[in-house]
Amino acid sequence: MSRVISASTRRTHPKPARGNVQQLPSGSWRVRVYAGINPATRRPCYVSETVPDGPDALLEVEDVRQRLLAVCRSHGQGNANVAELINRHILLLAISETTRQRYFELASTHVVPMIGHIQIRDLTPEILEDCYAQLLRCREHCAEPSSPRLRDDEHLCRPLARSTVRKLHFLIGAAYQSAMRWGWLIRNPVVGTRPPSSEPPRPQPPSQEQATRILAAALNDPDFGPMVWLAMASGARRGELCALRWRDFDPDRRQLVIERSIAHVGTVLREKDTKLHTRRHILLDHKTVAMLTTYHCHCRQRAAHVGTALSNDSFLFSANSDGLAPRRPDAVTGWYRRLVRKLGIATSWHKLRHFNATELISAGVDVRTVAGRLGHADGGTTLKYYSAWIREADQRASAALARLLPLASQSNPALAHHQLWPVDLGDRPHTLLLRMTYAARSQPANFLAVQQFLLQAIWPLPIASHQAQPTEPSPSSRTSASSSPHLGIARSSLRVQ
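Numbering-wise (full-length UniProt numbering), the sequence shown opens with residue 1 and increments by one.
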């Protein structure tokens, strides 16, 4: 007898996972979604994410649930390739649009062409290290030295910077961490992979003579010259200078407020937070304040000439007379590149920031103040990038202190003829210990053992390990003792075996 199954009870497609939402004792919400069967353990996998409690917590929970469901529907069993994983990871990162665009460019230029076709479970440390080696040999992915591309006379292999390869390494590693968190994988092949060592930073700011020539040539342009001056005086980043408005400049307090930045997102300009999402106040010198005041008058006259007015919300540096649109950062870089090329100086716009930092450090400004003006997170970044100038400033401070010390022989003639060390002991191993004993003029607890050690080193004679009984010194021993008055030790006080 056959069994009849009604159409209403027949399941033609598996029921999609809907997810589970649970409130934790802490008040937060945990979203849990079924992600399929793990092919390695044959056990069900779940992807979970926690949402903190708040007034909009339920809306965020629903957004997280829908996002996790979409991820699990597309790659629930970890059968995606590296390109799909990288793109999904970058898309879900909580980062600025400019950083997201930069990650996509790195992935599409290097990751996708080289290892994008490999399934995420098949990637190994050997494959990654081979990929890094190829990039360090040629940024255009020349596989072997005997490849036809290398035989092309027009092709020149240029290695990719080690810092860029390390960025790719950390990007791939973070993507695999996301894959493990989503339940796609149970291992991360990047953990056992060795990235190339980092290069020490070598900032190359223009010299003072070059900076003078650059500034003199830039001031011939009334639109770009003040921007170069302010870059040297403030050390602000290019995007931060483009985002400055007239309300950020206070001539009475000689203060400049930096809290925004202009960045390219594709072909569109966007105003965003600074790199570290902080607001900083920079004190300006009198000459810079006078320059900006004169430049403000120039901008107002230019606006009045075309029948418009300049407001406090207008940008400091703008191609428009009303200042409603900021200056494009790429236009600033292009203009500056043409300027220094005419002057015959090999430099870039970002090195104006290095010039500001190195000049402040060379002038003796403390590292914390320099870091605050540059917008660094702490002094560690400043120490890392400008350690050479910090050591040079420290050496100058040490030399200046030595000249001021009262013990200097030039200022104290009595010390100039004083022999600090009674005997010339050369470079023997015991020299330092003997000098310490002589300088201290004190007898430590093990002073007798120290005496025997030093005397054995100076006079290679067998010396008894125990303290000898005092005896009547002979004439020869008196002569030996008097020949070493500074040591305060007589040969007769030790028994010779």
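Here a beta-carbon is modelled for each residue, glycine too, at the ideal position from N, C-alpha and C.
All values reported here derive from a predicted model rather than from experimental measurement.
For Asp273, the enclosing beta strand (DSSP E) covers residues Val268 to Asp273. Residue burial is scored here from C-beta neighbours: Ala35 has at least 16 other C-beta atoms within 10 angstroms and is therefore classed as buried.
In this structure, the beta-carbon distance from Asn356 to Ser234 falls below 8 angstroms. By the neighbour-count definition (other C-beta atoms within 10 Å, threshold 16), Cys242 is a buried residue. Here DSSP, grouped into helix, strand and coil, assigns Pro205 to coil. The C-beta of His89 has 16 or more other C-beta atoms within 10 Å across all chains shown, which makes the residue buried.
For Gln101, the enclosing alpha helix (DSSP H) begins and ends at Glu97 to Leu106.
For the 8 angstroms CB-CB criterion, Lys351 and Pro201 do not form a contact.
Cβ neighbours of Ala83 within its own chain (closer than 6 angstroms, five residues either side excluded): Val112 and Gly116. Within the region 157-188, no run of beta strand (DSSP E) reaches 3 residues while sitting entirely inside it. Of the candidates Val21, Thr294, Ile118 and Ala133, Ala133 places its Cα closest to the Cα of Arg158. DSSP lists Phe249 and Ile282 as the beta-bridge partner residues of Leu256. Counting other Cβ atoms within 10 Å of its Cβ, Thr382 reaches 16 or more and is therefore classed as buried. DSSP places Val190 in the coil class of the three-state scheme, outside both helix and strand. Here the alpha carbons of Ala218 and Leu339 stand approximately 8 angstroms from one another. If the five residues before and after Tyr336 are omitted, its C-beta is found closer than 6 angstroms to the C-beta atoms of Trp349, all from its own chain and listed in chain order. Apart from sequence neighbours up to five positions away, the residues of its chain that approach Val257 with a beta-carbon distance below 6 angstroms are Asp248 and His281, ordered along the chain.
As DSSP reads the structure, Gln23 sits in a beta bridge with Trp29. Just so you know, the alpha carbons of Thr109 and Ala263 end up roughly 21 angstroms apart.
With 16 or more other Cβ atoms inside 10 Å of its own Cβ, Met232 counts as buried. Pairing Thr293 with Pro251, the inter-Cα distance amounts to about 7 angstroms. Cβ atoms of Asn87 and Ala107 come within 8 angstroms of each other, at about 7 angstroms. For Tyr46, the enclosing beta strand (DSSP E) has its first and last residue at Pro44 to Val51. The criterion of a C-beta distance shorter than 8 angstroms is not satisfied by Thr193 and Glu240.
The secondary-structure analysis by DSSP pairs Phe315 across a beta bridge with Arg245.
Cβ atoms of Val367 and Gly379 come within 8 angstroms of each other, at about 4 angstroms. Between the region 264-272 and the region 90-100 there are three or more C-beta pairs closer than 8 angstroms, enough to call the two in contact. The beta carbon of Arg279 sits closer than 8 angstroms to those of Val257, Ile258 and Glu259, all from its chain and outside the five residues before and after it, given in chain order.
Shown here for Thr308: same chain residues with a beta carbon closer than 7 angstroms to its own, the five before and five after excluded, namely Ser321 and Asp322 in chain order. Boundaries of the alpha helix (DSSP H) around Ser362: Lys351 to Ser362.
One Cα belongs to Ser261, the other to Pro44, and the distance between them is close to 46 angstroms. Contact check for Gly19 against Leu68 passes: the beta carbons are separated by less than 8 angstroms. Rounded to the nearest whole angstrom, the CA to CA distance from Lys384 to Ala371 is 11 angstroms.
Cβ contact annotation for Leu160 (same chain, cutoff 6 angstroms, sequence separation greater than five): Leu135 and Arg139, in chain order. The three-state secondary structure of His264, taken from DSSP, is strand.
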